[in-house]
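In the UniProt record's numbering, the protein residues as written are 1 to 266.
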């Protein structure tokens with residue numbers, strides 16, 4: 001394809017703006033952006049945990065895609081499965097997806113107490129929670145129950161963040177460090193069973209992918225709009241055209257913690 005035949009900056013930006021951002025389905029990025037996947041395969045591993053649980057909670061479920069996949073792979077479903085979500089558009093999407101599987105989706109702000117009784121669940125899961133509510137996780141887990149989750153790690157995709165915002169304070173860069181989360185979990189009275197971390201290559205192949213990503217993952221560049229960052233976007237568009245994909249690195253960690261005690265409370 002000749003340079004003249006390539007989509008213009010304006011066309012690509014318009015495409016990135018037009019794509020809906022509800023849920024955590026990233027299939028639109030196929031062919032436009034890539035991200036290595038962690039070796040542990042969280043959704044499949046979660047399916048195995050669900051198969052052995054009687055009551056399960058998925059915190060900050062997004063559009064319910066990961067839980068839906070895991071329930072589909074589980075050998076048996078828990079007797080009771082509940083999910084929470086704080087963004088109204090995602091609540092609607094998750095409800096439509098998960099209701100046929102018998103999952104109740106509860107609208108609950110991410111920073112509010114979980115609206116469940118003490119010791120209600122023997123499994124709590126979450127994929128990429130904004131901020132894991134350790135005290136609430138400890139409260140709603142039954143004795144012997146497990147929190148099994150995949151978290152976003154420190155400095156994730158910070159190459160892109162700092163392209164738009166400049167160098168970030170160390171506090172912001174290390175806020176999601178697994179050592180901090182280990183300490184916070186232990187402070188809430190939980191036993192840390194396993195923490196595994198990986199750094200994964202991310203490539204953005206066009207500016208539409210960058211625009212859609214920053215619209216979807218809103219905490220990366222707070223207040224992002226095309227108008228506010230048009231000059232930086234245009235420069236990055238030309239850089240990608242001349243040099244190839246913009247490369248960044250995501251960080252992920254797998255977390256497994258346990259509430260002390262036996263399921264019987266003994």
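Backbone N, C-alpha and C fix where the C-beta goes; we use that ideal spot for every residue, glycine too. Computed from a predicted structure; not experimentally measured.
Sort out for me which residues DSSP pairs residue 147 with in a bridge.
Bridge partners of residue 147 according to DSSP: 124 and 257.
List the whole-angstrom C-beta distance separating residue 34 from residue 231, where the pair is believed to meet the contact cut-off of C-beta under 8 angstroms.
Wrong, their Cβ atoms sit about 26 angstroms apart, outside the cutoff.
Consult DSSP for residue 85 and reduce its assignment to one of helix, strand or coil.
For residue 85, the secondary structure class from DSSP, reduced to helix, strand or coil, is strand.
Bridge partner(s) assigned by DSSP for residue 198:
Residue pairing for residue 198: DSSP places it in a beta bridge opposite 252.
If you count every other CB in all the chains shown that lies within 10 Å of the CB of residue 265, and 16 or more means buried, which is it?
Low confidence applies here, because residue 265 scores a pLDDT of 46, under 50, leaving its location unreliable; read the following figure in that light. Exposed is the label assigned to residue 265, since fewer than 16 other Cβ atoms lie within 10 Å of its Cβ.
For residue 53, is the classification buried or exposed, using 16 other Cβ atoms within 10 angstroms of its Cβ as the cut-off for buried?
Looking at its Cβ environment, which holds 16 or more other Cβ atoms inside 10 Å, residue 53 is buried.
Is DSSP giving residue 58 helix, strand or coil here?
The three-state reading of DSSP puts residue 58 in strand, counting E and B together.
Between residue 246 and residue 207, what straight-line distance do the alpha-carbon atoms span, to the nearest angstrom?
Using only the alpha carbons, I get a separation of about 9 angstroms.
When you compare each of 117, 242, 46 and 164 to residue 224 by their alpha carbons, which one comes out closest?
Among 117, 242, 46 and 164, the Cα nearest to that of residue 224 belongs to 164.
Please report the straight-line C-alpha distance between residue 42 and residue 17, rounded to a whole angstrom.
Spanning the two alpha carbons is a distance of roughly 30 angstroms.
Rounded to the nearest angstrom, what separates residue 226 and residue 6 at their Cα positions?
Here the alpha carbons of residue 6 and residue 226 stand approximately 20 angstroms from one another.
Just to confirm the assignment, what range does the beta strand (DSSP E) spanning residue 105 have?
104-107 is the span of the beta strand (DSSP E), which, as asked, contains residue 105.
Which of the three DSSP states is assigned to residue 266 in this structure?
Because the pLDDT of residue 266 is 40, which lies under 50, any placement of that residue in the model is unreliable, and the question is left without a value.
Here's a check: name, in chain order, each residue in its chain whose Cβ is nearer than 6 angstroms to the Cβ of residue 84, leaving out the five neighbours to either side.
Its chain contains 59, 106 and 108 as the residues whose beta carbon lies nearer than 6 angstroms to that of residue 84, once the 5 sequence neighbours on both sides are disregarded; these appear in chain order.
Tell me the rounded alpha-carbon separation between residue 155 and residue 70.
Distance between the alpha carbons of residue 155 and residue 70: 28 angstroms.
Compute the beta-carbon to beta-carbon distance between residue 131 and residue 149, rounded to the nearest angstrom, for a pair I have assumed lies under 8 angstroms.
That pair is no contact at about 12 angstroms.
So residue 186 is in the alpha helix (DSSP H); what residue range does that whole segment cover?
Segment 178-187, the alpha helix (DSSP H) holding residue 186.
Run through DSSP, which three-state label would residue 158 get?
Annotated three-state conformation of residue 158 is helix, per DSSP.
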